[in-house]
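Here is the structure we will look at.
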Amino acid sequence: MQNRIGTIHAIAACNGLEAAMGLLAEATCPADMRWLPEGIEVEYLAKSARELICTAQSTEADWANGPDVPVAVKAVLADGTVTVEGTIHLWVTQKDKKS
1 MQNRIGTIHA IAACNGLEAA MGLLAEATCP ADMRWLPEGI EVEYLAKSAR
51 ELICTAQSTE ADWANGPDVP VAVKAVLADG TVTVEGTIHL WVTQKDKKS
């Protein structure tokens with residue numbers, strides 16, 4: 001999705017970052033816990049003129065210190081230029097017990 005200046009729309013990049021975070025959260029969150037996105041903070045660092053690679057990273061310590069779990073995210077061009085980076089905050093809590 002392009003904006004009026006012909007680059008990838010910033011919110012479209014954020015959607016890619018949220019997708020990367022979701023994959024990380026699904027693979028990392030313990031089975032007895034659930035995660036919900038609580039907020040996102042991003043900085044737009046460069047124009048995103050073409051395809052982006054969106055990544056998400058966290059550490060074991062991030063998950064151990066919940067319930068607020070920060071996930072570092074960034075969108076990068078093929079040449080290594082970081083165009084968007086920030087943090088998505090997750091709220092991680094115990095799953096409801098089924099009766």
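Just so we're aligned, residue 1 is where the sequence shown starts under this note's numbering, counting upward by one.
Ideal Cβ positions, reconstructed from N, Cα and C, are used throughout, including at glycine.
Distance from the CA atom of residue 96 to the CA atom of residue 17, rounded to whole angstroms, is 28 Å. For residue 52 against residue 83, the beta-carbon gap comes to about 7 Å, under 8 Å, which counts as contact.
For residue 54 and residue 98, the gap between their C-alpha atoms comes out near 35 Å. For residue 28, the enclosing alpha helix (DSSP H) stretches over residues 10 to 28. Contact annotation, residue 50 with residue 77: C-beta distance approximately 7 Å; criterion of less than 8 Å satisfied. Under the three-state reduction of DSSP, residue 60 is assigned to helix.
Residue 62 is positioned such that its CB atom lies no closer than 8 Å to that of residue 91. Contact annotation, residue 58 with residue 71: C-beta distance approximately 5 Å; criterion of less than 8 Å satisfied. Per DSSP, the unbroken beta strand (DSSP E) holding residue 68 starts and ends at 68 to 76.
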